[in-house]
Amino acid sequence: MDLPILFEDDSLLVIDKPPGIVVNRAESVKSETVQDWAEKYLHITPPTSAPVTVVNPDGTVTRDITAEFAQRAGTVHRIDKETSGCLIIAKNPEAFGELQRQFKDREIHKTYLAIVHGALVPSEGEIRAPVGRLPWNREHFGIVPGGKEAVTRYTVHRSWFIVHGKNKEEITLVELYPETGRTHQIRVHMKYINHPLVGDYLYAGRKTARNDRTWAPRVMLHAKRVIFKHPSGGKELAIEAPIPDDMDRIIHGSS
160 MDLPILFEDD SLLVIDKPPG IVVNRAESVK SETVQDWAEK YLHITPPTSA
210 PVTVVNPDGT VTRDITAEFA QRAGTVHRID KETSGCLIIA KNPEAFGELQ
260 RQFKDREIHK TYLAIVHGAL VPSEGEIRAP VGRLPWNREH FGIVPGGKEA
310 VTRYTVHRSW FIVHGKNKEE ITLVELYPET GRTHQIRVHM KYINHPLVGD
360 YLYAGRKTAR NDRTWAPRVM LHAKRVIFKH PSGGKELAIE APIPDDMDRI
410 IHGSS
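Just so we're aligned: the sequence shown equals residues 160 to 414 in this note's numbering.
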């Protein structure tokens with residue numbers, strides 16, 4: 160697996176993750192992951208046991224950052240399998256710990272590009288609704304009482320009609336700025352306002368997703384840009400991933 164590198168220095172690299180590749184290993188994942196690639200690229204030896212977190216007498220927590228770094232092969236965060244775009248990988252435990260801190264403290268700013276169903280109005284807005292696992296389906300997330308705080312801002316680029324087969328429907332190209340990082344947050348929030356992502360097999364509805372897949376090969380979500388402070392020195396970095404071909408064809412193939 161040869162992953163495109165958008166930025167690299169002695170502390171970190173940012174890759175342009177192609178759609179269809181899983182970030183972290185799991186028992187259910189049989190194909191090569193970004194984590195597998197990073198282990199080989201960075202020559203990281205996986206730990207023989209899970210990292211140990213110690214709760215100190217004063218209530219503070221001490222984490223084994225070195226073991227966590229090795230266990231995750233430097234992958235600081237995740238994006239979904241079908242999502243493309245910017246993914247940060249640390250090259251050493253110090254950078255790993257600092258970048259994780261920036262994520263926790265909401266100092267890392269991400270911009271996503273998505274194609275959603277319908278004409279999204281108004282042209283700018285904010286979605287503020289708690290996200291959590293659905294009690295009746297633990298693999299799906301939704302807007303649930305007691306869920307974790309989740310905020311997504313958005314700006315519309317344009318709306319247009321697309322014809323596929325005998326169907327004609329309006330879709331919208333939108334930029335999204337998640338202020339929190341909940342699992343499936345963007346997908347759940349767009350479903351919540353009745354503009355699910357094109358191709359979203361979990362949240363757009365079974366029939367809609369099946370129709371989408373005749374002209375859109377995946378969930379149309381792209382991690383376009385990430386802005387963060389360099390873990391050593393604090394210089395601000397803004398890294399951008401080009402729009403992938405499958406999304407670009409939909410954007411520029413119709414008007």
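For every residue, glycine included, the Cβ atom is placed at its ideal position computed from N, Cα and C.
Spatial distance of residue i from residue j (CA atoms)
{"i": "Ser414", "j": "Ile330", "result": "At Ser414 the pLDDT is 44, less than 50, meaning the model places this residue with poor confidence and gives no usable figure here."}
{"i": "Thr270", "j": "Asp404", "result": "18 Å"}
{"i": "Leu162", "j": "Glu186", "result": "22 Å"}
{"i": "Arg341", "j": "Ala363", "result": "18 Å"}
{"i": "Phe228", "j": "Thr192", "result": "16 Å"}
{"i": "Ala288", "j": "Pro376", "result": "29 Å"}
{"i": "Phe387", "j": "Ala209", "result": "28 Å"}
{"i": "Lys307", "j": "Ile224", "result": "25 Å"}
{"i": "Gly233", "j": "Asp264", "result": "19 Å"}
{"i": "Met160", "j": "Pro177", "result": "11 Å"}
{"i": "Val378", "j": "Ser282", "result": "22 Å"}
{"i": "Pro401", "j": "Pro206", "result": "35 Å"}
{"i": "Asp371", "j": "Met406", "result": "13 Å"}
{"i": "Leu171", "j": "Val315", "result": "32 Å"}
{"i": "Lys199", "j": "Val182", "result": "14 Å"}
{"i": "Ala273", "j": "Pro216", "result": "46 Å"}
{"i": "Leu396", "j": "His389", "result": "7 Å"}
{"i": "Lys250", "j": "Glu399", "result": "20 Å"}
{"i": "His348", "j": "Pro337", "result": "10 Å"}
{"i": "Gly392", "j": "Ser243", "result": "29 Å"}
{"i": "Trp295", "j": "Thr367", "result": "22 Å"}
{"i": "Asp168", "j": "Asn326", "result": "48 Å"}
{"i": "Ile321", "j": "Leu201", "result": "44 Å"}
{"i": "Ile203", "j": "Arg184", "result": "15 Å"}
{"i": "Lys383", "j": "Ala226", "result": "30 Å"}
{"i": "Glu328", "j": "Leu293", "result": "30 Å"}
{"i": "Gly124", "j": "Arg365", "result": "Absent from the model: residue 124. The displayed extent of the chain is 160 to 414, so no value can be given."}
Span of the beta strand (DSSP E) around residue i
{"i": "Ala209", "result": "Note, Ala209: premise wrong, no beta strand (DSSP E); not H, not E."}
{"i": "Lys383", "result": "Leu380 to Lys388"}
{"i": "Ala397", "result": "Glu395 to Glu399"}
{"i": "Ala273", "result": "His268 to His276"}
Host alpha helix (DSSP H) of residue i (start-end)
{"i": "Val193", "result": "Val193 to Leu201"}
{"i": "Glu328", "result": "Looking at the DSSP string, Glu328 is not in any alpha helix (DSSP H); the run it does join, the beta strand (DSSP E), is Asn326 to Pro337."}
{"i": "Asp371", "result": "Arg365 to Asp371"}
{"i": "Asp175", "result": "Careful: Asp175 lies outside any alpha helix (DSSP H), inside the beta strand (DSSP E) at Leu171 to Lys176."}
{"i": "Arg341", "result": "Where Arg341 is concerned, there is no enclosing alpha helix (DSSP H), given that its DSSP letter is neither H nor E."}
Supposed close pair residue i, residue j - CB separation, criterion 8 Å
{"i": "Val275", "j": "His354", "result": "4 Å"}
{"i": "Arg346", "j": "Asp359", "result": "6 Å"}
{"i": "Ile248", "j": "Ile174", "result": "7 Å"}
{"i": "Val385", "j": "Thr339", "result": "The pair is not a contact, with the Cβ atoms about 15 Å apart (cut-off 8 Å)."}
{"i": "Ala278", "j": "Ser318", "result": "4 Å"}
{"i": "Cys245", "j": "Leu165", "result": "7 Å"}
{"i": "Val235", "j": "Leu258", "result": "5 Å"}
Beta-carbon proximity of residue i to residue j, cut-off 9 Å
{"i": "Ile444", "j": "Arg312", "result": "An answer regarding residue 444 cannot be provided, because it is not within the stretch 160 to 414 covered by the chain."}
{"i": "His343", "j": "Asp239", "result": "yes"}
{"i": "Val357", "j": "Ile409", "result": "yes"}
{"i": "His299", "j": "Leu361", "result": "yes"}
{"i": "Thr212", "j": "Thr221", "result": "yes"}
{"i": "Glu241", "j": "Gly179", "result": "yes"}
{"i": "Arg231", "j": "Gln261", "result": "no"}
Per DSSP, cross-strand counterpart(s) of residue i
{"i": "Thr314", "result": "Glu283 and Glu334"}
{"i": "Trp319", "result": "Ile330"}
{"i": "Ala104", "result": "Outside the shown range of the chain, which is 160 to 414, sits residue 104, and nothing can be said about it."}
{"i": "Lys307", "result": "Val290"}
{"i": "Leu356", "result": "Val275"}
{"i": "Phe300", "result": "Arg292"}
{"i": "Ser243", "result": "His381"}
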